[in-house]
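A short worksheet on the structure shown next.
There are 2 protein chains.
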Amino acid sequence: MNEALKKSRYHHGDLRAGLIEATRLLVEEKGPDGFSVSDACRLAGVSTAAPYKHFKDKNEMLVAMVLEGMERHRVRMMTALEGIPEGTPARVTALGREYVDFALRENGIFRLKFGGFTDRLEDPRLQAAGEQTFGIVLQEVAACLGETTVTADVRRRGFMLWSFVHGLSFLLVDQKLSAMGGDVEREALLSDIADRVLKD
Amino acid sequence: MNEALKKSRYHHGDLRAGLIEATRLLVEEKGPDGFSVSDACRLAGVSTAAPYKHFKDKNEMLVAMVLEGMERHRVRMMTALEGIPEGTPARVTALGREYVDFALRENGIFRLKFGGFTDRLEDPRLQAAGEQTFGIVLQEVAACLGETTVTADVRRRGFMLWSFVHGLSFLLVDQKLSAMGGDVEREALLSDIADRVLKD
DNA sequence: CTCGCCAAGTTAGTATCTCTAACATATGTT
DNA sequence: AACATATGTTAGAGATACTAACTTGGCGAG
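Line order of the protein sequences matches chains A and B. So the first sequence is numbered by my numbering: it starts at 1299 and just counts up by one. So the second sequence is numbered by my numbering: it starts at 1299 and just counts up by one.
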């Protein structure tokens, strides 16, 4: 069954994927709260009732889209580590840089996941994806501290770093660093914090 | 003119304040995205058209409510400093504690201001209120570092601290510290970070 | 090959929401 | 006492999320 080359325009081919992509574009363009299912339908070229054959409701559409984004994010974090010597703070910094980049590049997704829509979006798969991301950080922190397992201290420092990078992402999104220099300052900030949290 | 003791029920007395309070309650109860003007009207006991005599639109209602909250926040930060010796990191920690407490206690307001509704809420008064808050932190950081003015270094370290506390607030709201101990751990984390960022 | 099933579309309709327009009332000033 | 104005009201337009009932067409069984 060749999904991609359907000729009929009555059946879309892969509407589910089409709607997720439309959702992504619209959330990035108008923000999480400006998004509407109707808009997504118009963009995908289907009637406003069509999505409900694929998603329970608006939230499930958003969750599906965010899950896709989280997976992209995870892959990017892994590739960001390539070529950097293991057990060095540079690896932690690289993860932080990728985290912030994601928050800025896929700002709508970031805000959807972390900006307090969480109540509505509550979904075990989202929670799991988040913990997986944190797990990557914890592993690098452990390596930096010379630990082979995730001890309480590793978890504690990892959480500190996550808090910092997470907050930095939000402040950058809100343009708070506009008067504080650009990318250079951001990069210095990331490695400076990593050093401070990992030392001792 | 005695605003508070109007007998007529046709004229509310102080509907503007009543709506702001209703907005506050509902945003805390249902979250920023679950809030509706209609609900606020029902809670305040007026028709759905009434708010538009006092506010341009829904966003202006939210902005007014958030501004009230920011002022409460500012006052609390100032009182949190009382009795703590000047120039000590304990003052910075106290501000951080109050920041996190506010994010948890007035969670709806916090998310409205910082969670990405900002596009819509863009308002110079909100921006100003935020910078005023940051100013309080910068002053304490300067005192800790023995500076009399806000130097670039002071601003840099203040920004680091803000990032951390800001991120910590979001993660706590999202329950990420549930598996990491409670208030004790939170307190230790705050002072630990303050030390690490202020030392050197 | 064709027949019927069922997945995946459609149109139509309901309930709700924001905001506007036109009208009503009460307050306090002259 | 009368009016001007601020502050309410009702009615309604246009958009939205979602449901119900109908339609289409691809695919497998005979």
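A virtual CB, placed ideally from N, CA and C, is assigned to each residue, including glycine. Note that the structure is a prediction, hence the values are computed from the model and not measured.
CB contact flag (residue i, residue j, <7 Å)
i              : j              : result
residue 1373/A : residue 1421/A : no
residue 1349/A : residue 1317/A : yes
residue 1491/A : residue 1462/A : yes
residue 1414/B : residue 1314/A : no
residue 1402/B : residue 1375/B : no
residue 1385/A : residue 1441/A : yes
residue 1346/A : residue 1334/A : no
Reduced DSSP category for residue i - H, G, I as helix; E, B as strand; rest coil
i              : result
residue 1303/A : Reliability fails at residue 1303/A, whose pLDDT of 39 lies under 50, so the model's placement of it is uncertain and the value that follows must be treated cautiously. Coil at residue 1303/A, not helix or strand.
residue 1443/B : coil
residue 1411/B : helix
residue 1420/B : coil
residue 1355/A : coil
residue 1335/B : helix
residue 1382/A : coil
residue 1387/A : helix
residue 1347/A : coil
residue 1449/B : coil
residue 1465/A : helix
residue 1497/A : coil
residue 1312/B : coil
residue 1404/B : coil
residue 1425/B : helix
residue 1329/A : coil
residue 1473/A : coil
residue 1489/A : helix
Whole-number beta carbon distance between residue j and residue i, since they are thought to touch under 8 Å
i              : j              : result
residue 1436/A : residue 1423/A : No, residue 1436/A and residue 1423/A are not in contact; Cβ-Cβ is about 20 Å, not under 8 Å.
residue 1331/A : residue 1355/B : The Cβ separation is near 14 Å, so there is no contact.
residue 1498/A : residue 1387/A : At roughly 13 Å, the Cβ-Cβ gap does not stay under 8 Å, so residue 1498/A and residue 1387/A are not in contact.
residue 1390/A : residue 1459/A : 7 Å
Option nearest residue i by Cα separation, candidates the options
i              : options                           : result
residue 1428/B : 1464/B, 1379/B, 1346/B and 1455/B : 1464/B
residue 1326/A : 1338/A, 1358/A, 1406/A and 1369/A : 1406/A
residue 1455/B : 1483/A, 1381/A and 1473/A         : 1483/A
residue 1412/B : 1486/A, 1341/A, 1470/A and 1337/A : 1470/A
residue 1399/B : 1443/B, 1488/B and 1357/B         : 1488/B
residue 1468/B : 1328/B, 1446/B, 1351/B and 1404/B : 1404/B
residue 1481/B : 1377/B, 1395/B, 1312/B and 1369/B : 1395/B
residue 1425/B : 1328/B, 1364/B, 1320/B and 1338/B : 1364/B
residue 1496/B : 1439/B, 1368/B, 1485/B and 1473/B : 1439/B
residue 1499/A : 1472/A, 1473/A, 1380/A and 1368/A : As displayed, chain A neither begins before 1299 nor continues past 1498, which places residue 1499/A out of reach and without an answer.
residue 1457/B : 1473/A, 1443/A, 1447/A and 1444/A : 1473/A
residue 1329/B : 1339/A, 1343/A, 1419/A and 1351/A : 1419/A
residue 1344/B : 1366/B, 1357/B and 1320/B         : 1320/B
residue 1351/A : 1383/A, 1312/A, 1380/A and 1466/A : 1312/A
residue 1521/B : 1338/B, 1370/B, 1379/B and 1377/B : Here chain B has residues from 1299 to 1498 only, and residue 1521/B is not among them.
Residue i beta carbon near the ligand ATP (any heavy atom closer than 6 Å)
i              : result
residue 1400/A : The ligand ATP is not part of the structure shown, which contains no ligands of any sort.
**OP:** Could you run through the stretch 1371 to 1399 of chain A and flag, in chain order, every residue whose CB is less than 7 Å away from some CB of chain B?
**Re:** none
**OP:** Could you name the residues of the stretch 1456 to 1469 of chain B whose beta carbon sits closer than 8 Å to any beta carbon of chain A, in the order they occur along the chain?
**Re:** 1457, 1458, 1460, 1461, 1462, 1463, 1464, 1465, 1466, 1467, 1468 and 1469
Original post:
Along the stretch 1321 to 1351 of chain B, what residues have a CB closer than 8 Å to any CB found in chain A?
Top reply: 1329, 1330, 1331 and 1332
Subject >> the stretch 1480 to 1498 of chain A: positions lying closer than 7 Å to chain B by Cβ >> reply: 1487, 1491, 1494 and 1495
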